[in-house]
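First the structure, in the form of structure tokens, and then the observations on it.
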Amino acid sequence: MAGFDKRVSSYEEAMEGIESGMTVIAGGFGLCGIPENLIAEIKRRGVSDLTVVSNNCGVDGFGLGVLLEDRQISKILASYVGENALFEKQMLNDEIEVVLTPQGTLAEKMRAGGAGIPAFYTATGYGTPIGEGKEVRVFNDRHYILEEAIIGDFAIVKGWKADRYGNVMYRHTAQNFNPMAATAGKITVVEVEEIVEPGELEPSQIHTPGIYVDRIIQGTFEKRIEKRTVRS
Amino acid sequence: MALTREQMAQRVARELQDGFYVNLGIGIPTLVANYIPDGIDVMLQSENGLLGMGRYPTEDELDPDMINAGKETVTARPGAAIFSSAESFAMIRGGHVDLTVLGAFEVDQQGNIASWMIPGKLIKGMGGAMDLVAGADNIICTMTHASKHGESKLLEKCELPLTGAGCINRVLTDLAYLEIKDGAFILKERAPGVSVEEIIEKTAGKLIVPDHVPEMTFDA
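Protein chains in written order, with my numbering: chain A, 1291 to 1522; chain B, 1286 to 1505.
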């Protein structure tokens, strides 16, 4: 009996059920805290026509950037998509649809999706191209636009430690979008650096409670640094 | 003389107050962190989820899980907190950040700002800028006063697509420090050696010039 044991034994099993045309929500900010092995598994499977929801789209040859190589992404919601030559080429050739979304709105769309809130009002984007065509309401003399929540067929998440039950902790700023992404997947898959026994993680220090998590796998990570800045 | 980037950062830093939580954008705003006045403690917010950004790491401290919103490797200072993107933007949207400093292509006399998109050029995205300008009451915009061709960037009405509407109340350019109030720019200070006439000439929007416009001073 598996009970609450969310562990799977291979990346193939971790991404079982992903199909072309699905929506995938991914955690990560730049290359920090990205589910790099789950992304690699999506590439290996060759599924296409994906809608990807992620703050960024990786770099050439790493992170979500690898899914551009075989044109697996047809649409992306992101707040910033620089740093990626192949992405720029596909965007300019209209091979990929880009829905630029303010970073806080993107985080809130995921959070709302996971929390059963279908839409929310925000001042962000009012009076800008982002607000065009969206419902506007005035509260306390300020204008707000209506933004809709997002739910993914899959959410792919990178954690630091988890227990077998799928309770997850993140490390430093590798947290970023991961906790929201974890709540917003119909199937949420988390890859972590270490899986421990239930009881080993302090309950009050859990970032993502296991109720949100469907599958968990331990992996090894390259953790590539995008901008290496050091002081002497 | 027009202000250097370093002088612009120095001037903005004088607006910092003890106990401020501050978000600094990329470019000149980032340099402000180098000029925090002595005896003042400020906490830098980085919108990827860090309150209390510290210095760049040493080689020994370098950690791929520790970056700022510019994706640079950083450290956390003592007393820092780390949290999710939703928490980070709750701080920003909820108006909890005391001061936001960010760059712009254009601002106008109604406090509108355009900073993320030039039609016909490659558009990389707004990142957190739209959330920051919508959420903060206290924003300083840093920018050059005019383009290389002498065209004003302080306009009656922004021509580029907006980042936010009616949200900017202070602007520091390489020529002047101005406030925006009641549909006009108010000239508060001028860069050393820059004449009021030059600022008038390079400001396309409505400009109110008080009788006395002090010159900024900088330590050598």
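C-beta atoms are modelled at their ideal positions from N, C-alpha and C, and glycine is treated no differently. Please read all numbers here as calculations on a predicted model, not as lab measurements.
A/L1390 has a beta carbon lying within less than 7 Å of a beta carbon in chain B. For the segment 1455-1475 of chain A, the beta-carbon criterion of a distance under 9 Å to any beta-carbon of chain B is satisfied by Y1460, R1461, H1462, T1463, A1464, Q1465, N1466, F1467, N1468, P1469 and M1470. A/N1383 counts as exposed, since fewer than 16 other beta carbons sit within 10 angstroms of its beta carbon. Of all residues in the segment 1432-1456 of chain A, none places a beta-carbon less than 7 Å from a beta-carbon of chain B.
Taken through DSSP and simplified to helix, strand or coil, A/A1292 comes out as coil.
Cβ proximity to chain B below 8 Å picks out F1319, G1320, L1321, C1322 and G1323 from the segment 1316-1335 of chain A. Per the C-alpha coordinates, the member of B/K1491, B/P1349, B/G1478 and B/Q1395 positioned closest to A/R1461 is B/P1349.
Neighbourhood of A/K1517 in chain B, by CB distance below 8 Å: I1352, G1355, K1356, E1357 and T1358, in chain order. Residue pairing for A/R1427: DSSP places it in a beta bridge opposite A/Y1434. Runs of alpha helix (DSSP H) with 4 or more residues, each lying fully within the segment 1302-1363 of chain A, are found at 1326-1335 and 1356-1359, listed in chain order. Every beta strand (DSSP E) stretch that sits fully inside the segment 1348-1377 of chain B and reaches 3 residues is listed by chain position as 1361-1367. The alpha-carbon separation between A/I1477 and B/N1319 amounts to approximately 46 Å.
Residue pairing by DSSP leaves B/R1290 without any beta bridge partner. Annotated three-state conformation of B/E1391 is strand, per DSSP. Taking the beta carbon of B/K1409 as reference, the chain A residues within 7 Å of it are Y1370, V1371 and G1372, listed in sequence order. Contact check for B/L1407 against B/G1310 fails: the beta carbons are separated by 7 Å or more. Straight-line measurement puts the Cα of B/T1358 at about 4 Å from the Cα of B/I1352.
Taking a C-beta distance under 7 Å as the contact criterion, A/A1368 and A/V1479 do not qualify as a contact pair. Per DSSP, reduced to three states, the secondary structure at B/K1433 is coil, with no helix or strand assignment.
If you look at A/N1468, you'll find it in the alpha helix (DSSP H) that goes N1468 to T1473.
Counting along the chain, B/G1420 sits inside the alpha helix (DSSP H) bounded by residues A1414 to G1420.
Residue contact check for A/P1499 against chain B: no CB pair falls below 7 Å. By DSSP's assignment, B/L1336 forms a beta bridge with B/Q1330 and B/A1366.
In the displayed model, A/A1439 falls within coil according to three-state DSSP, outside both helix and strand.
Excluding the 5 residues flanking it on each side, A/E1484 has same chain C-beta neighbours closer than 7 Å at K1451 and Q1508, in chain order. The beta carbon of A/A1405 sits no closer than 7 Å to any beta carbon of chain B. Bounds of the alpha helix (DSSP H) holding B/V1481 are V1481 to E1486. B/S1370 and A/N1466 do touch by the CB rule: their CB atoms are close to 5 Å apart, below 8 Å. Rounded to whole angstroms, the gap between the alpha carbons of B/I1425 and B/L1463 is 10 Å. Nearest CB-CB separation between A/A1397 and chain B: below the 7 Å threshold.
Residue-level contact check: A/A1402 does not touch chain B, since none of the beta carbons of chain B fall below 7 Å from its beta carbon. At a cut-off of 7 Å between C-beta atoms, B/F1390 does not count as an interface residue with respect to chain A. Minimum Cα-Cα distance from B/E1486 among the listed residues B/M1402, B/G1435 and B/V1498 corresponds to B/G1435. Considering only B/G1312, B/K1438 and B/V1392, the residue with the shortest C-alpha distance to B/E1291 is B/G1312. A/R1521 belongs to the set of residues whose beta carbon lies under 7 Å from a beta carbon in chain B. Between A/K1513 and chain B, the shortest Cβ-Cβ separation is below 7 Å.
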